[in-house]
Every structure is written in C-alpha cells, then in structure tokens.
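Count the sequence shown with mature numbering (1 follows the signal peptide of the UniProt record, and there is no 0) and you get residues -18 to -1, 1 to 196, in order. Glycine is no exception: its CB is placed at the ideal position from the N, C-alpha and C atoms. In this text, all values refer to a predicted model and were calculated from it rather than measured experimentally.
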Amino acid sequence: MLESLLVLLVSLVATVSAWPDGAPCVHAAFESMNPLEAVEHQGGLQLSTPPYEIAVDQKCYWRNQPIGLTLQGHNESIWFKGFVIQPFKWNNDQLGERFGQLVRLDDNGSWQQQCFRYQVSATHSHDEKKKHIKMWWKVDDEVDTVQFVATVVKHQTQFWVKSVRSRPLPPCRLNRDGFPNYQAPAPSVPPQVKQFKMETFRVFDSIVRRRPFN
C-alpha cells in the first residue's frame, strides 16, 4: 500500500512540474520562459538553430487591428508539444517590456493565456503533438516595434528557450516595409534558474489541490 502511494505521489509531482497543461502562472516561469524551472526538464536545453519559426501575416501593424502569427515547424514533418510565446518591444535585438494583447479569433483550443490577468503570454493547453498554432496580437497605440519570442518544447528533454523569434513588426505609420532581411540571433544560454521557485509552486499547488471546494 505504501509503495503504491509513493508511486502515485511521484506521478503527481512529475505531472505538475512537466507542465503538460501549459506553463504555470508563476512569476519565475512567466519571466524566464524557461522549462528548466521544472526539475524534469533538466538536460534538455538546445543551443542549435531551432527548427521552428513564428510567421507573421503582415510587415507592420496598425493600432487596434489584430495581426495573425503562427508558430510552426520549418516543414510539415516537424512537430512540438509545448510552448510559451510573448510579444516584446524590440530595439535592435534588445528586448524591452511586453506589450499589447494576444487574442483568439478562432475556436482553436490548443493554446491558452499563461496568466489571464495580463494576456501577454500564451502557452499550450495540452501536451499532444502540434504542427502549428495560430493566434492574434493587437495593441492600442503605434509607438514601438514588436517582436514575438517563443520557447518551444519538442519533448521533456529537448527544448529551445526564447530562441524562436518572428521578424520585428514596426508601426505602419513609421515603416510599412518592415524588416524583410532580419536574421534572428543565435541561441544562447539563458540565465540560471533557481529551482526552489518551482519547489515552492509544487508545495502550494499540492495544498490547493487538497482543499475542498466550498
């Protein structure tokens, strides 16, 4: 009996920390976009050129007009299971703050907001294989150039952290041609994460799961 309970406990912990239902709304995971916040992802960081891209429907954007973007492989044989994608202010490959809103204009339930309060970080809603995910982005001003940046997880021990980038999109009133010759920077080692943050999430999550609903 005790052995069975231990097996069940280990399975539950693995399920929480591997994030099969999307990256959690935890500050560390939101900021880093790094699966290494979960112990089970150790050893999976890839520094090769990612086989994925973020295709955008237009060269520039107008305020309050949604722009379509698609996370996909370089060809139809390439798939992924998990992802986080966020819109950043861009300045010559220097990423600023997140801005705008990621929105859904279709009935695709394969993605969700990582934190519903902010709507600037989308993540997967299940861990089935995916070949492409489409969403839309909009903003109510026309000041900054935006770049969509993604972490993509093929499986638990193979992922690229903030290495999948769209071409930058400027406001159309400033530049209607966009950046057609843009080349994304090579993948680099992300800042080291602090594992205790994920441990804290596990403890909190387990307490919440044990509490009865009123």
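Here the alpha carbon of residue 125 sits roughly 28 Å from the alpha carbon of residue 11.
By the neighbour-count criterion, in which a residue is buried when 16 or more other Cβ atoms sit within 10 angstroms of its Cβ, residue 35 is buried. Shown here, residue 108 sits in coil according to DSSP, grouped into three states, outside any helix or strand.
By alpha-carbon distance to residue 33, the top candidate from 136, 76 and 56 is 56. The beta carbon of residue 42 sits closer than 7 Å to those of 151, 152, 153, 154, 157, 158 and 160, all from its chain and outside the five residues before and after it, given in chain order. Membership of residue 145 in the beta strand (DSSP E) is indicated by the continuous run 140 to 147.
With distances taken between CA atoms, residue 39 lies nearest to 50 out of 50, 109 and 59. When DSSP reads this structure, residue 161 sits in no beta bridge, so it has no partner. Following the DSSP letters along the chain, one finds residue 130 inside the beta strand (DSSP E) bounded by residues 128 to 137.
The C-beta distance from residue 64 to residue 109 rounds to 6 Å, short enough to meet the 8 Å contact threshold. The shortest CA-to-CA distance from residue 115 to any of 133, 174, 54 and 100 is the one to 54.
Residue 10 carries a helical assignment under DSSP once its states are collapsed to helix, strand and coil. At least 7 Å separates the beta-carbon of residue 120 from that of residue 62. The Cβ neighbour count for residue 16, taken over all protein chains shown within 10 Å, is at least 16; the residue is labelled buried. At the C-beta level, residue 107 and residue 26 stay beyond 7 Å of one another. Beta-carbon to beta-carbon, residue 87 and residue 69 are separated by about 16 Å, too far to satisfy the 8 Å threshold. A check of alpha carbon separations from residue 171 across 95, 142, 92 and 137 identifies 142 as the nearest. Boundaries cannot be given for residue 171, as no beta strand (DSSP E) includes it and DSSP labels it neither H nor E. With 16 or more other Cβ atoms from the protein chains shown falling within 10 Å of its own Cβ, residue 6 counts as buried. Look at the stretch 50 to 110 and you find these whole runs of beta strand (DSSP E), each 3 residues long or longer: 64 to 73, 76 to 80, 83 to 85, 93 to 95 and 104 to 106. Here residue 147 is near residue 131, since their CB atoms are less than 7 Å apart. DSSP places residue 117 inside the beta strand (DSSP E), whose first and last residues are 114 to 120.
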